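Respectively, the protein sequence lines represent chains Y and R. 78 is the number that the UniProt record's numbering gives to position 78 of the first sequence; each next residue is one higher, with no gaps. 83 is the number that the UniProt record's numbering gives to position 83 of the second sequence; each next residue is one higher, with no gaps. A virtual CB, placed ideally from N, CA and C, is assigned to each residue, including glycine. As the structure is a computational prediction, the values presented were derived from the model and not from experiment. First comes the structure, then the notes that go with it.
2 protein chains.
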Amino acid sequence: MKKFMNSAETLVAESLAGFVAAHERLVAFGADGKFVRRRTLRPGKVAVISGGGAGHEPMHVGFVGPGMLDAACTGRIFTSPTPDQIVSAIRETEGGAGCLLVVKNYDGDVMNFEMAAELAAADHKVATVIVRDDINPDGFSRSQGRRGVAGTLVIEKLLGAAAEAGWPLDDLKRLGEDLDGRIRTMGVSLRGVRVPDTQRETFALAEDEMEMGVGIHGEPGRARAKFATATEIVATILEAIRLDLSPEGNDRLLLFVNGFGGTPVSELYLAYNIARSLCADFGLAVARSLVGTYVTSLDMAGLSVTIARLDGRELSLWDAPVDTAALRWGP
Amino acid sequence: MKKFMNSAETLVAESLAGFVAAHERLVAFGADGKFVRRRTLRPGKVAVISGGGAGHEPMHVGFVGPGMLDAACTGRIFTSPTPDQIVSAIRETEGGAGCLLVVKNYDGDVMNFEMAAELAAADHKVATVIVRDDINPDGFSRSQGRRGVAGTLVIEKLLGAAAEAGWPLDDLKRLGEDLDGRIRTMGVSLRGVRVPDTQRETFALAEDEMEMGVGIHGEPGRARAKFATATEIVATILEAIRLDLSPEGNDRLLLFVNGFGGTPVSELYLAYNIARSLCADFGLAVARSLVGTYVTSLDMAGLSVTIARLDGRELSLWDAPVDTAALRWGP
Numbered sequence: 001m002k003k004f005m006n007s008a009e010t011l012v013a014e015s016l017a018g019f020v021a022a023h024e025r026l027v028a029f030g031a032d033g034k035f036v037r038r039r040t041l042r043p044g045k046v047a048v049i050s051g052g053g054a055g056h057e058p059m060h061v062g063f064v065g066p067g068m069l070d071a072a073c074t075g076r077i078f079t080s081p082t083p084d085q086i087v088s089a090i091r092e093t094e095g096g097a098g099c100l101l102v103v104k105n106y107d108g109d110v111m112n113f114e115m116a117a118e119l120a121a122a123d124h125k126v127a128t129v130i131v132r133d134d135i136n137p138d139g140f141s142r143s144q145g146r147r148g149v150a151g152t153l154v155i156e157k158l159l160g161a162a163a164e165a166g167w168p169l170d171d172l173k174r175l176g177e178d179l180d181g182r183i184r185t186m187g188v189s190l191r192g193v194r195v196p197d198t199q200r201e202t203f204a205l206a207e208d209e210m211e212m213g214v215g216i217h218g219e220p221g222r223a224r225a226k227f228a229t230a231t232e233i234v235a236t237i238l239e240a241i242r243l244d245l246s247p248e249g250n251d252r253l254l255l256f257v258n259g260f261g262g263t264p265v266s267e268l269y270l271a272y273n274i275a276r277s278l279c280a281d282f283g284l285a286v287a288r289s290l291v292g293t294y295v296t297s298l299d300m301a302g303l304s305v306t307i308a309r310l311d312g313r314e315l316s317l318w319d320a321p322v323d324t325a326a327l328r329w330g331p
Numbered sequence: 001m002k003k004f005m006n007s008a009e010t011l012v013a014e015s016l017a018g019f020v021a022a023h024e025r026l027v028a029f030g031a032d033g034k035f036v037r038r039r040t041l042r043p044g045k046v047a048v049i050s051g052g053g054a055g056h057e058p059m060h061v062g063f064v065g066p067g068m069l070d071a072a073c074t075g076r077i078f079t080s081p082t083p084d085q086i087v088s089a090i091r092e093t094e095g096g097a098g099c100l101l102v103v104k105n106y107d108g109d110v111m112n113f114e115m116a117a118e119l120a121a122a123d124h125k126v127a128t129v130i131v132r133d134d135i136n137p138d139g140f141s142r143s144q145g146r147r148g149v150a151g152t153l154v155i156e157k158l159l160g161a162a163a164e165a166g167w168p169l170d171d172l173k174r175l176g177e178d179l180d181g182r183i184r185t186m187g188v189s190l191r192g193v194r195v196p197d198t199q200r201e202t203f204a205l206a207e208d209e210m211e212m213g214v215g216i217h218g219e220p221g222r223a224r225a226k227f228a229t230a231t232e233i234v235a236t237i238l239e240a241i242r243l244d245l246s247p248e249g250n251d252r253l254l255l256f257v258n259g260f261g262g263t264p265v266s267e268l269y270l271a272y273n274i275a276r277s278l279c280a281d282f283g284l285a286v287a288r289s290l291v292g293t294y295v296t297s298l299d300m301a302g303l304s305v306t307i308a309r310l311d312g313r314e315l316s317l318w319d320a321p322v323d324t325a326a327l328r329w330g331p
């Protein structure tokens, strides 16, 4: 396996150093380099903090900046950040209005963010939103249940915009939990993920196979299937999301096609084109779109489709200005 | 080879349709779907038009919008657009101030853009800038000489901003030709490119090999080398660029690390981190940075480093607002 790196041990630290240097206008390292924070904090607002294992870049550090996150904590590859990192981020960015932790539903992340919330609770008001946007059509069960995947971006964008607009902590938590029930994602992979320290693929696919329902940590998905045309693949995904999400004709839909790291941009737009016309076939109008490589699994060749059922107020939060390395738009 | 597609024949058209649908606020198809143009043209300015083969996405369609290109013409994969496409783009976007064609130096592109310029010359004032940013340290020679690669983005951004600011056609051409001598790029690939219609890799690399000095059309590079650490690879690239570009201490440098389509974001930032500290070692200050997947070669795992020697006026053109699918920043 060939990767641009000097060693598996220093990969994450070197990459984060490059990220902070490239975006020094927007971000800075927090205390002892334990997390990445906005260069300029805005007092009076709720601090929105997220994080997770490395290997999902640009998530979450790429979402730090005005209109989105205040800080992001990065662990080792596919490994939760430590409670110590998260507590440091809370202490440095929480300024009186409280702190909201946005956590993807993986056992390690949930445990460490919970521990950090308890450790910080004496001095800071802390609330947590767990993201579980992964679809679960076949009653797939692991101890953790639905995983948090690409829909995390949508929740972090909307909560970040609401925090920027001055929403209090309780309202943000309520919005986050409510949104979580209205955002669904399903992924497909064309090959396994090669993890730098083991130098091995986490699962192997034959040339005519694909893995449906994958997460973003190299774990196998729900079903191995025969490789098919893009239209067939996207139709399978859309149908599963539709059954699980039950969108209605008056919903304002956000359609998000996300690349897992090794997928060319051209293929993402091709998948988007199919997903969008299938939505139209279902009588569902797409109000907002996002296509790109945002929530990754190292260099996995694959993509996910996310649909969010939003209302007019939530569309305004989506449209609100955001200035981060990965997502950027004006008023 | 697995790709998200329905057929090699329809891949480009389906992907472009998705691109235009996803960014309908910004772009629209031109006449008969032959090119992608800004949704709203601005009369009175020089029209800046580019294009080339498909397979380099988001270039060039992702650069269409206020502050950058007026139109982009996409050919088949790794194949120049036809003169007919380019003439249509000129006729639809040129509004009296003339039209500047920005062309990467590949035989097919140069020939077809030249033919289009001649065909349109009776009714439109047309000038052309050829981009040749590829380094040429070993006297590598093909009929075409230096190729146009990732530095094309820099030239299109600066010329787009200058056109937006009202520069006349002759001044834009002069700036483009002058910039071309001050921008240098070198790429490295970890594997060959798999072209959809042949289903084959254009060159094969062993697990311990890499290809230095690659272009963006799957052609082999200048030298096959033993795979090395990221620091060694980036040092080789930087040294070659430095010899060719001869930057000086008072230059304002733009440092651009570009992914070829199959390279994770984390590795691009890691490479950027090394390049930036090497620049510092050479006494060269980096004034502006760009890191991301912008100029690709399908799903090639690899990256290029571009350095541009700019002056203060050119930095202002770089900083000027741009609103495209791939590059977006405010005032």
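Backbone secondary structure at residue i - three-state DSSP
{"i": "W167/Y", "result": "coil"}
{"i": "N105/Y", "result": "coil"}
{"i": "T93/Y", "result": "helix"}
{"i": "S189/R", "result": "strand"}
{"i": "V131/Y", "result": "strand"}
{"i": "R146/R", "result": "coil"}
Short CB-CB distance (under 8 Å) between residue i and chain R
{"i": "N6/Y", "result": "yes"}
{"i": "F282/Y", "result": "no"}
{"i": "P66/Y", "result": "no"}
{"i": "P43/Y", "result": "no"}
{"i": "A21/Y", "result": "yes"}
{"i": "V149/Y", "result": "no"}
{"i": "G262/Y", "result": "yes"}
{"i": "A97/Y", "result": "no"}
{"i": "E92/Y", "result": "no"}
{"i": "F113/Y", "result": "no"}
{"i": "G330/Y", "result": "yes"}
{"i": "S15/Y", "result": "yes"}
Closer than 8 Å to chain Y by CB, residue i
{"i": "A230/R", "result": "yes"}
{"i": "Y106/R", "result": "no"}
{"i": "E201/R", "result": "no"}
{"i": "R276/R", "result": "yes"}
{"i": "G18/R", "result": "yes"}
{"i": "N258/R", "result": "no"}
{"i": "N136/R", "result": "no"}
Outcome for residue i when other beta-carbon atoms lying within 10 angstroms are tallied against a minimum of 16
{"i": "N105/Y", "result": "buried"}
{"i": "K3/Y", "result": "buried"}
{"i": "G145/Y", "result": "exposed"}
{"i": "E118/Y", "result": "exposed"}
{"i": "G139/R", "result": "Its pLDDT being 48, under 50, G139/R is placed unreliably in this model, and the value from its coordinates should be taken loosely. Classification for G139/R: exposed."}
{"i": "M186/R", "result": "buried"}
{"i": "A285/R", "result": "exposed"}
{"i": "P66/R", "result": "buried"}
{"i": "G62/R", "result": "buried"}
{"i": "F113/Y", "result": "buried"}
{"i": "L243/R", "result": "exposed"}
{"i": "Q85/R", "result": "buried"}
{"i": "A150/R", "result": "buried"}
{"i": "G166/R", "result": "exposed"}
{"i": "R147/R", "result": "buried"}
{"i": "D133/R", "result": "buried"}
Backbone CA spacing between residue i and residue j [nearest angstrom]
{"i": "T40/R", "j": "S304/R", "result": "33 Å"}
{"i": "L172/Y", "j": "S50/Y", "result": "14 Å"}
{"i": "R191/Y", "j": "G249/R", "result": "46 Å"}
{"i": "A161/Y", "j": "F35/Y", "result": "21 Å"}
{"i": "P331/Y", "j": "G215/R", "result": "38 Å"}
{"i": "P58/R", "j": "P168/R", "result": "28 Å"}
{"i": "R222/R", "j": "G18/Y", "result": "28 Å"}
{"i": "F203/Y", "j": "G213/Y", "result": "14 Å"}
{"i": "G270/Y", "j": "V193/R", "result": "The sequence shown places Leu at residue 270/Y, not Gly. Distance between the alpha carbons of L270/Y and V193/R: 19 Å."}
{"i": "L69/Y", "j": "P43/Y", "result": "14 Å"}
{"i": "R37/R", "j": "L310/R", "result": "28 Å"}
One or two residues paired with residue i in a DSSP bridge
{"i": "K226/R", "result": "E209/R"}
{"i": "N258/Y", "result": "G292/Y, S304/Y"}
{"i": "G51/R", "result": "C73/R"}
{"i": "C99/R", "result": "A47/R, V126/R"}
{"i": "R184/Y", "result": "I307/Y"}
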